[in-house]
Each structure stands twice: as C-alpha cells, then as structure tokens.
Amino acid sequence: MGVELNMNVGAVSLILVILWSIYTAESTFIDVVSNYGAKPDGSSDLRAPLLYAWREACKSLTPTTILIPKGNYRLSQASLEGPCMSAIDVQFQGYIQAPMNASFFKDSYWVVFKYVSDLTVSGSGVFDGQGAASWGNSECFRTKFCAVHPINLRFDYLNNSVIQDITSKDSKQFHVNVLGCRNITFQRFTVSAPEISTNTDGIHIGRSDLVRILDSRIETGDDCVSLGDGSKNVYIERVMCGPGHGISVGSLGFFQGEEDVVGVFVRNCTLTNTPNGVRIKTWPASQPGKALEMHFEDIIMNNVSFPIIIDQEYCPWNQCNLKAPSNVQLSTISFKNIRGTSASREVVRLVCSKGFPCQGVELADINLIYQGLDGPGISDCANVAPILSGTLNPIPCTASFTRIVQA
Ligand SMILES: *[C@@H]1O[C@H](CO)[C@@H](O)[C@H](O)[C@H]1NC(C)=O
Ligand SMILES: *[C@@H]1O[C@H](CO)[C@@H](O)[C@H](O)[C@H]1NC(C)=O
Ligand SMILES: *[C@@H]1O[C@H](CO)[C@@H](O)[C@H](O)[C@H]1NC(C)=O
Ligand SMILES: *[C@@H]1O[C@H](CO)[C@@H](O)[C@H](O)[C@H]1NC(C)=O
Ligand SMILES: *[C@@H]1O[C@H](CO)[C@@H](O)[C@H](O)[C@H]1NC(C)=O
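For the sequence shown, this note's numbering begins at -12 and goes up steadily by one.
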C-alpha cells in the first residue's frame, strides 16, 4: 500500500515537473558561451560546448534555440545527430573556422546534421573551411569522387528543415551535401569561394525529396548546384551563380543502382561568366536509369559558355567507351525564356543517347547572343527532335552544324 502510494506520488510529481517545464519554458534558449563556456577567442575549440548544447536541446521536450554568438571560433569537427524530442533552431552568428590541415579529418565532413526533423539552421554566421591549401590536390582533381577532403556542411536524413542566411566559405570539398532529406529549404544561403577552388560544388543533392534553394548566391569553383541520383522535386529559384560551373543534373549512370531523377524546376536564376549554364549530363556506356520532368525557365545568362546543355557523352577525363551509348533515358525536359549572352559559339548542345534518344524536349523563347567574330551562335544536336516555339535565336537543331536527328 505504502509502496504503491509512493509510486503514485512519484509519477504525479514527474508529470507535474514535465507540465511545469512546458508551462514555464515555451521554448528553451541555450547560449554556448554563457551556458557551456565556449570562447569566441578564435582558438578554443567550439566542439565540446556545441555538442553539450546540442545534447541538451535534443532531449528537450520544448523547442530549443542554440545561439553561437558573434565572435571568432575554431571548430575541429561536429556531428549533431537526432532523433530529437522537439524542434531545434541553431543560430550561428559567429565566424567559425575549420582546421586548415585536411589530414586532420578522418570523415567526409566538417559539420554534419543527421537524423533530425524540424531543424532550423540560421544566423549571419560564416563556416570557413580554410580550403585553399586543399584545392588542386591532384588526387581530388582527377576524380569527382574524392573522399579525402571534408565537406563543409552535410545534411543527412533531415525532414522539414530550413537552412537560412548562413554562409559557407572556402570549403575543402563540396560546400554542402544533402542526402536522404525530405522537405529541406535553403534560403538566402551564401556560398563563397574563388573560381580556382577545385571540386567545391556549392550545394550537391542526392536521394532527397522536396528540396528548395531560394534567393541564394553561389560563387565557387565547381557546379553551383549539382543534382545526383534520386533527386526528386527540387526547386531552384532566384539563385545567382558565378563564378562557378553552372547548374547541373548529373553526371548520371556511373554507379549501379542509381535512383531516378524526377522533377527539377530551375526558375529565375542568373548565371554569370560560368563555363556551363544549365546542364544535364550522363556517362556513355552507363548503368541504366531515368531522369524526367526537368524544367529550366526564366534564366539570364551573362557571358556563359555553353548556356544550354544535354550531354549524354559526358566524359571529363577521357576514360570512357564513347562508342557505347548512355543507358539513361532522358524525357520531358523544357528550356523556356532563356536569354542573355553566350561566351561560346555553341549556344545549344543537345547530344542525346543513340541507345535512348531524348523524349519530349521543348525549347521556347531562347535569345542567346554570341558576339564572336566566328558568329552567329550555333547548336549541336543528336538523337533528339525538340519541339520549338516562340522567338528563337539561334534556331536550334536545324542549322548545318546539327548532327543527324534520329529521335
Ligand atoms: C598535416 O597533418 C599531417 C598528419 O598529422 C602531417 O603529417 C602534415 O605535416 C600536416 N601538414 C601541414 C601542412 O601542417
Ligand atoms: C523522416 O521522415 C521519414 C518518412 O516519414 C521517417 O521514416 C523518418 O524517421 C523521419 N526522420 C526523422 C529524423 O524524423
Ligand atoms: C516542409 O517543412 C516546413 C517546415 O520547415 C513545413 O512548414 C511544411 O509544412 C513542410 N511541407 C511539407 C510538404 O511537408
Ligand atoms: C521571374 O522571371 C520572370 C521572367 O523574367 C519575371 O516576369 C518574374 O517577375 C520573375 N519573378 C521573380 C520573382 O523574380
Ligand atoms: C566572358 O567569358 C570569357 C570565357 O570565360 C572570358 O574569357 C571573358 O573574360 C568574359 N568576359 C567578360 C566581359 O567577363
């Protein structure tokens, strides 16, 4: 009887404590400096204070804000993992630097957020990957699949999350990698790295559904945004790209078991001085696959080389069997209202697979001016019969430079 009473009293007080904490703290606030002793002195490691703050936030039953206040921090590495009990907002206001020496890193990330729902990463903070010494490393230059250098920010298996206002600077490898996410939005996001930074894609997406990249500025040495296999429902809107290598789907078909790409919507973007504009690329002699529903609309090209590209013979290191066609079927693709200037004579390249000619390609209102002495602009088309409409300059896939159309 007495024991039972005690247990009841215990259970009731536990419930009261929980109710009290929900009542008194609509949301919890943690400051890594005042609560966990982080030092914005540019040399103390932020890792332990950040992990302690994360642990507290993650088990909190009420939404929690973690603040990294203004100041300079060094951060060796951090993996911030869920699942968590409630929403978390991490506000980075500080300037955070990674170790300069790449051999410090045993994993492919500097900072990763993993298995979390309802995460917000915000603030005017900067993640400085201090990558300059790593760029041009020969091993990473020859192959895109370079695991030795860390990615500045990884977002793995997040749901319903927002990344906003922060900056990724001078990453050693990709700036951002998005994997296995559902419903993640990047807004007012900045990527900043010089043109010479090799292999530093701005935002790479793979195996994720509903990804938005909005109102962002990406300046880097590789693709501004690249979409790998399994990218579904990706919206890229009002993004400024350049320097950088443009906005790319692919390269697809390299690995066995790649997932399809379905639903890519690139709108109201501006590309400046990039060596490619909007591009879909697949390897020759590739694994089978599909990519469909890809739409590029209202895009301004400023001095872009090869502004519009479908390349199913993508072979950057000349180690492919170009005789065997790509086995990736591309379909329902549109390029609409794309205007500006081209830095290359070849303005439109639609080189599709002879094994799987492109289906349902549409071009409308293309006005891309090439001003070279060998002008005007031309197109290179193969295994595609695009539907043309609106004002077209140049008129693609009809000129004498056009290859035989088989589709
Ligand atoms: C980087 O770290 C590795 C391993 O700790 C060391 O051998 C190398 O000398 C360091 N490089 C520089 C430039 O400090
Ligand atoms: C994200 O959503 C998927 C599908 O609903 C679910 O299986 C997964 O557990 C969720 N992840 C988290 C961290 O809540
Ligand atoms: C996506 O996530 C946001 C929160 O970040 C939420 O407000 C919105 O309802 C979610 N949308 C879908 C389709 O799940
Ligand atoms: C998107 O581009 C179209 C065509 O240039 C323009 O009419 C529209 O105002 C733009 N929208 C935004 C939100 O920038
Ligand atoms: C245009 O692009 C070409 C090739 O990338 C470059 O050499 C040239 O400097 C650019 N022109 C301007 C005005 O930026």
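Built from N, CA and C at the ideal position, the CB exists for glycine as well.
Quick one, are the C-beta atoms of residue i and residue j less than 8 Å apart?
i	j	result
Arg332	Asp285	no
Glu411	Gly250	As displayed, the chain neither begins before -12 nor continues past 394, which places residue 411 out of reach and without an answer.
Ser96	Ile150	Rather than Ser, the amino acid found at residue 96 in this sequence is Tyr. Against a cut-off of 8 Å, the Cβ pair of Ile150 and Tyr96 comes out as no contact.
Ser203	Arg169	no
Ile190	His232	no
Ser442	Lys93	The requested residue 442 does not occur in the structure, where the chain is confined to residues -12 to 394.
Ile287	Ala278	no
Pro373	Pro383	yes
Leu145	Leu106	yes
Val178	Ser195	no
Ser238	Ser292	no
Cys345	Val371	yes
Gly347	Ile320	yes
What are the start and end residues of the beta strand (DSSP E) that includes residue i?
i	result
Trp304	Where Trp304 is concerned, there is no enclosing beta strand (DSSP E), given that its DSSP letter is neither H nor E.
Asp105	First-last for Asp105: undefined, no H or E at that position.
Met87	Met87 -> no beta strand (DSSP E), and no H or E assigned at all.
Ala15	For the sequence presented, residue 15 should be read as Thr rather than Ala. Thr15 -> beta strand (DSSP E) spans 15 to 18.
Phe283	276 to 291
Trp97	96 to 101
Lys219	218 to 228
Asn314	That residue, Asn314, is in no beta strand (DSSP E); it is neither H nor E in DSSP.
Gln346	346 to 357
Ala272	Here Ala272 belongs to no beta strand (DSSP E), and DSSP marks it neither H nor E.
Leu375	374 to 380
His232	Careful: His232 lies outside any beta strand (DSSP E) and carries neither H nor E.
Tyr60	59 to 61
Ala369	365 to 369
Ser213	212 to 214
Pro78	The residue you asked about is not Pro; residue 78 is Gln in the sequence shown. Looking at the DSSP string, the run of the beta strand (DSSP E) that includes Gln78 is 75 to 79.
Is the beta carbon of residue i within less than 7 Å of some heavy atom of ligand 1?
i	result
Asn88	yes
Using only the heavy atoms of ligand 5, determine whether one of them is closer than 7 Å to the beta carbon of residue i.
i	result
Pro262	yes
Ser329	no
Asn139	no
Which two residues bound the contiguous alpha helix (DSSP H) that contains residue i?
i	result
Ile46	Sequence inspection shows Lys at residue 46; the Ile mentioned does not correspond to that position. 34 to 46 is the extent of the alpha helix (DSSP H) around Lys46.
Could you tell me if the beta carbon of residue i falls within a distance shorter than 7 Å of some heavy atom in ligand 2?
i	result
Ser104	yes
Arg169	yes
Gly397	One cannot answer for residue 397 here, as it falls past the ends of the chain, which runs -12 to 394.
Tyr144	yes
Any heavy atom of ligand 3 within a distance shorter than 7 Å of the CB on residue i?
i	result
Ser73	no
Leu197	yes
Ser148	yes
So with Cβ pairs under 8 Å, would you call residue i a contact of chain B?
i	result
Tyr222	Reference to chain B is not applicable here, since this structure consists of a single protein chain.
field: Any 3 or more C-beta pairs closer than 8 Å across the region 345 to 363 and the region 374 to 383
entry: Yes: the two stretches touch, three or more of their Cβ pairs being nearer than 8 Å.
- prompt: Is the number of C-beta pairs between the region 334 to 346 and the region 286 to 300 that are closer than 8 Å three or more?
  reply: Under the three-pair Cβ rule at 8 Å, the region 334 to 346 counts as touching the region 286 to 300.
field: Segments assigned alpha helix (DSSP H), at least 4 residues, entirely inside the region 118 to 186
entry: Considered as a whole, the region 118 to 186 harbours 125 to 129 as its complete alpha helix (DSSP H) runs of no fewer than 4 residues, in chain order.
message: Within 8 Å, do at least three Cβ pairs link the region 259 to 267 to the region 222 to 236?
response: Verdict: yes, contact present.
query: Where in the region 237 to 267 do unbroken runs of the alpha helix (DSSP H), each at least 4 residues long, occur, reported from the N-terminal end onward?
result: Complete alpha helix (DSSP H) runs here, min 4: none at all.
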